[in-house]
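Take a look at the structure below.
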């Protein structure tokens, strides 16, 4: 029986090639989108979900109660204080990331040492090296291949390796053979292997490979930058080399009392910075991969975006299913005689439903096969939007279950209603011909499906227009400083270990290049690379504490970027910090109603006072998501660790710019041998600020295109159904003198009304969505009426174009043929 069903289903699908092709294409596009989004969502949701007792593991995070900062690391002595004074903690572990340890040497008996470069890997730019205490292996579980978690990191100059790291350094030797072998990090730190653990096979943000023992800090040069007894909350430039801390709560203990006790310690031990109180909290391990509020330089998955993608996938699949239903019911009138004959010959309703469901299943399976083959090229095309770790193996158990589930769901959802409709036709009606089966009682459902499809399409169109408008506004608005042809180059190191003479040499050599117009030494450019914040005090009638951004630069900094001075003057040349220039927002926060009133007053920082000599117009230091913050510009020679270079681009081609950059690279490598020359155009750094928004816009545009395409195919199916359903009416109208234009207008009018109804429904939904999205921006565009008008006109135009082919074809048909069936 089923063999016969498959044979008949195959014949039907082959005979109706256009119907089959449209349905397969629509389903394949919808299913392919679902597969890709499933892969991304499954990958992101898998991070750090495999740890035993993961629901009891938390990261300790710090910041100011007033919300001035949120840090993923904490004050160095906090971990030990928690061990000693906070009840309810089963285990506490602290660690430092070591991105500076990029070269590892392995001494070889009788041979030169083998050298390995640990480049910054992956999207997060990490080397995989950490300094950890032994409690790390009690918070997180590993399978030990050699050594013991109780002793492996107890003493100085020990290191535990993962199996992959041991194989990299020592080759294919047994793990036990690595015990006692020496490793040298950055030609300075000599350690010996005390343990080997198996690599985690699941995805994790904590997938380190080299674990150097914590006691090594106190016994080596590492202690110079890591004062484990310093309770001072040094904001901004002093806050470097703080540890990350994880805790495992005891069973049955809630986070709230633990946090309260930790903050009691902080309130007693940590000095206040102005009116800002240092506080700590507990972040669930499951939240670490998604929460970008805490700064840890890790790639974050945006959970609302994942939910949004899942919603888009469901909508696209539903549109494809709706499209299938419309096309199937539109084609049903051509199969009326077949149904009548089958019923007369004894086929029951159940057998007919099974037959049509098998047809749908066969078509869905074909669409699924095409969708699977489309996944790889689609992932390559959208590779910049897809995390690098996402892979597609259609034969993996989880993927097979997902694909089978989608196939069954689509078959049932798309095939059950058309099968029920077809099987419900009465043989007496069907044998009289297709004209006798009107289906009018279900016409409202088909119209509702079209309205639903175009509602979704219009929502995507409106959202796309508003997002695009906001992105254009952010990229084209004047930021308040010059950005054209300016390149930023960092010196090696940061302001704790910067070699000032090398930066000066780099500045001098760059300024002599013929393709360079100007060079300025700076801490950070006005936007793009993160600056620092610190606390300032103004001792007026009342003491004012102000957390402000700091920009380091000499007297050339403000003219170089073309900042506009609105009061006072620029800072003058000096060898050290002597004067401040602030922005308008800082002047207002200090209590001055006019910018000029701030000039001449003293601003205090760690207790020294420095005069304010000028005020610059506000400019954007960050993305438009953030309001402009108070800013202080001063000359800090030891903290000016990067260069701003204005290229002589006027009248120059791309080849001249490249030649200049090549010359800069050569000079850089002469001053910093063995390093990589990196640079960043200021225009690119601004665009990078809105990378997430631009990716969102691109994905929404793709979703919009799919939704429109699938909706138009559904509309094509409905127009086909309408033309067949009203064939008799059209024939009579033609006999009575109606022209082709009259009939085409009559058929188009109905569909235009459906699109207008969809616009009425979609407009408030889209307005709510874009209004909520725009609330994330301190500076944003309005939601103009023209957006809805343009979306409606576009949808109507698409509908008219889609329907017109079938309308004109029906209007030009010979009326005799349609009237014979009446």
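In our numbering, the protein residues as written are 662 to 1483.
C-beta atoms are modelled at their ideal positions from N, C-alpha and C, and glycine is treated no differently.
- Message: With distance defined between alpha-carbon atoms, name the residue in 755, 1188, 874, 1457 nearest to residue 734.
- Response: Residue mapping note: residue 734 aligns to position 73 of the chain shown, counting from 1. The option with the nearest alpha carbon to residue 734 is 755.
- Note down, in chain order, each residue of its chain lying with its Cβ closer than 6 Å to the Cβ of residue 847, except the 5 sequence neighbours on either side. The residue given as residue 847 occupies position 186 in the chain shown. 762, 764.
- Using a Cβ-Cβ cut-off of 8 Å (strictly less than) and excluding sequence neighbours within five positions of residue 918, which residues of its own chain qualify? In the chain shown, the residue the question calls residue 918 occupies position 257. Here the set comprises 749.
- Alpha-carbon spacing of residue 827 relative to residue 809, whole angstroms: Here residue 827 refers to the residue found at position 166 when the chain shown is read from its first residue. Here residue 809 refers to the residue found at position 148 when the chain shown is read from its first residue. Cα to Cα, the separation comes out at about 16 Å.
- Query: Taking the alpha-carbon positions, what's the residue 687 to residue 975 distance?
  - Reply: Here the question's residue 687 lines up with position 26 in the chain shown. Here the question's residue 975 lines up with position 314 in the chain shown. Taking the straight line from one Cα to the other gives about 14 Å.
- Query: What are the complete beta strand (DSSP E) segments, minimum 3 residues, inside the region 1203 to 1233?
  - Reply: 1204 to 1213, 1226 to 1229
- Task: Tell me the start and end of each unbroken alpha helix (DSSP H) in the region 770 to 830 that is at least 4 residues and wholly inside, in chain order.
- Result: 797 to 800
- Would you mind giving the Cβ-Cβ distance between residue 1184 and residue 1300, rounded to the nearest angstrom? I have them listed as a contact below 8 Å. The count along the chain shown starts at 1 and reaches residue 1184 at position 523. The count along the chain shown starts at 1 and reaches residue 1300 at position 639. About 5 Å; that satisfies the 8 Å criterion.
- Item | Burial state of residue 1445, where buried means 16 or more other Cβ atoms lie within 10 Å | As a working mapping, residue 1445 is identified with position 784 in the chain shown. Flag for residue 1445 reads exposed.
- Message: For the region 1341 to 1361 against the region 1193 to 1211, do three or more pairs of beta-carbon atoms, one drawn from each stretch, fall closer than 8 Å, so that the two count as touching?
- Response: no
- Query: By a C-beta neighbour count over all protein chains shown, 10 Å radius and 16 as the cutoff for buried, is residue 739 buried or exposed?
  - Reply: Stepping through the chain shown from its first residue, residue 739 is reached at position 78. Buried, since its Cβ has 16 or more Cβ neighbours within 10 Å.
- Task: Out of 876, 1074, 1119, 960, point me to the one whose CA is closest to residue 1451's CA.
- Result: Within the chain shown, numbered from 1, the residue matching residue 1451 stands at position 790. Of 876, 1074, 1119, 960, the residue nearest in Cα terms is 1119.
- Cα-Cα separation between residue 1225 and residue 1245, rounded to whole angstroms: As a working mapping, residue 1225 is identified with position 564 in the chain shown. As a working mapping, residue 1245 is identified with position 584 in the chain shown. For residue 1225 and residue 1245, the distance between alpha carbons rounds to 11 Å.
- Could you check where the alpha helix (DSSP H) with residue 751 kicks off and where it finishes? Mapped onto the chain shown, residue 751 falls at position 90. Residue 751 -> not in any alpha helix (DSSP H); beta strand (DSSP E) instead, spanning 750 to 758.
- In the DSSP assignment, what are the bridge partners of residue 1195? Walking along the chain shown from the start, residue 1195 turns up at place 534. Answer by DSSP bridge pairing, in chain order: 1209.
- For residue 708, which residues of its own chain have a beta-carbon under 7 Å away from its beta-carbon, when the five flanking residues on both sides are left out? Translated into the one-based positions of the chain shown, residue 708 becomes position 47. Excluding positions up to five away in sequence, the list reads 864, 865, 866, 950.
- Per DSSP, what kind of secondary structure is residue 1183 in: helix, strand or coil? Here the question's residue 1183 lines up with position 522 in the chain shown. Residue 1183 falls in the strand class under three-state DSSP.
- Item | Residue range of the unbroken alpha helix (DSSP H) whose run includes residue 746 | Residue numbering aside, residue 746 sits at position 85 when the chain shown is read from its first letter. From DSSP, the alpha helix (DSSP H) with residue 746 extends over 739 to 746.
- Going by other Cβ atoms of all chains shown within 10 Å of its Cβ, with 16 needed for buried, is residue 954 buried or exposed? Residue 954 sits at position 293 when you count from the first residue of the chain shown. That one is exposed.
- Query: In this structure, does DSSP put residue 675 in helix, strand or coil?
  - Reply: Taking the chain shown and counting its residues from 1, the one referred to as residue 675 is at position 14. Three-state result, residue 675: helix.
- What residue from 904, 1149, 759 has the CA that sits closest to residue 1303's CA? In the chain shown, the residue the question calls residue 1303 occupies position 642. The shortest Cα separation from residue 1303 among 904, 1149, 759 belongs to 1149.
- Query: Can you find a C-beta in chain C that's less than 8 Å from the C-beta of residue 1317?
  - Reply: The structure shown contains no chain C; it holds only a single protein chain.
- Task: Check residue 764 in the structure and name its three-state DSSP category.
- Result: As a first step, residue 764 is located in the chain shown; it is residue number 103 there, counting from the start. Looking at residue 764 - three-state DSSP - the assignment turns out to be strand.
- Task: Spatial neighbours of residue 970 within its chain, please: CB distance less than 6 Å, with the 5 preceding and 5 following residues excluded, ordered by chain position.
- Result: For the purposes of this step, residue 970 is taken as residue 309 along the chain shown, with counting starting at 1. Closer than 6 Å at Cβ, skipping near neighbours: 698.
- Query: What residues are listed by DSSP as bridge partners for residue 906?
  - Reply: Residue numbering aside, residue 906 sits at position 245 when the chain shown is read from its first letter. Per DSSP, 721, 755.
- DSSP bridge partner residues for residue 1273 (one or two, in chain order): As a working note, residue 1273 is residue 612 in the chain shown. In DSSP, residue 1273 forms a bridge with 1241.
- 6 Å Cβ shell around residue 715 - same chain, five flanking residues per side excluded: Residue numbering aside, residue 715 sits at position 54 when the chain shown is read from its first letter. Excluding sequence neighbours, residue 715 sits near 946.
- Out of 805, 1214, 1273, state which residue places its alpha-carbon closest to the alpha-carbon of residue 861. Start at 1 with the first residue of the chain shown, and residue 861 comes out as number 200. Comparing Cα-Cα distances from residue 861 to each of 805, 1214, 1273, the minimum goes to 805.
- When we look at the beta-carbon of residue 1203 and count the other beta-carbons within 10 Å, is it buried (16 or more) or exposed? Taking the chain shown and counting its residues from 1, one reaches residue 1203 at position 542. Residue 1203 comes out exposed.
- Rank 1418, 922, 1218 by C-alpha distance to the C-alpha of residue 1109 and give the top, closest one. Working through the chain shown from its first residue, we reach residue 1109 at position 448. Among 1418, 922, 1218, the Cα nearest to that of residue 1109 belongs to 1418.
- Message: Can you tell me which residues form a DSSP beta bridge with residue 843?
- Response: The count along the chain shown starts at 1 and reaches residue 843 at position 182. DSSP output for residue 843 lists 853 as bridge partner(s).
- Message: Do residue 693 and residue 1032 count as a contact pair if the criterion is CB distance below 8 Å?
- Response: Taking the first residue of the chain shown as position 1, residue 1032 is located at position 371. Taking the first residue of the chain shown as position 1, residue 693 is located at position 32. Yes, the pair counts as a contact, with Cβ atoms nearer than the cut-off.
- Item | Distance between residue 701 and residue 1424 (C-alpha atoms, nearest Å) | Along the chain shown, one-based indexing puts residue 1424 at 763. Along the chain shown, one-based indexing puts residue 701 at 40. If you take the alpha carbons of residue 1424 and residue 701, they lie about 30 Å apart.
- Query: For residue 1062, does the count of other Cβ atoms within 10 angstroms reach 16, so buried, or fall short, so exposed?
  - Reply: As a first step, residue 1062 is located in the chain shown; it is residue number 401 there, counting from the start. Residue 1062 should be labelled exposed.
- Is it buried or exposed for residue 898, if we count other Cβ within 10 angstroms and need 16 for buried? The residue labelled residue 898 in the question sits at position 237 within the chain shown. Confidence is the limiting factor: at residue 898 the pLDDT is only 38, short of 50, which leaves the residue's position unreliable, though a coordinate-based value still follows. When all chains shown are included, residue 898 counts as buried.
- Looking at C-alpha atoms only, which residue of 932, 912, 964, 872 is the closest neighbour of residue 705? Translated into the one-based positions of the chain shown, residue 705 becomes position 44. Among 932, 912, 964, 872, the Cα nearest to that of residue 705 is on 964.
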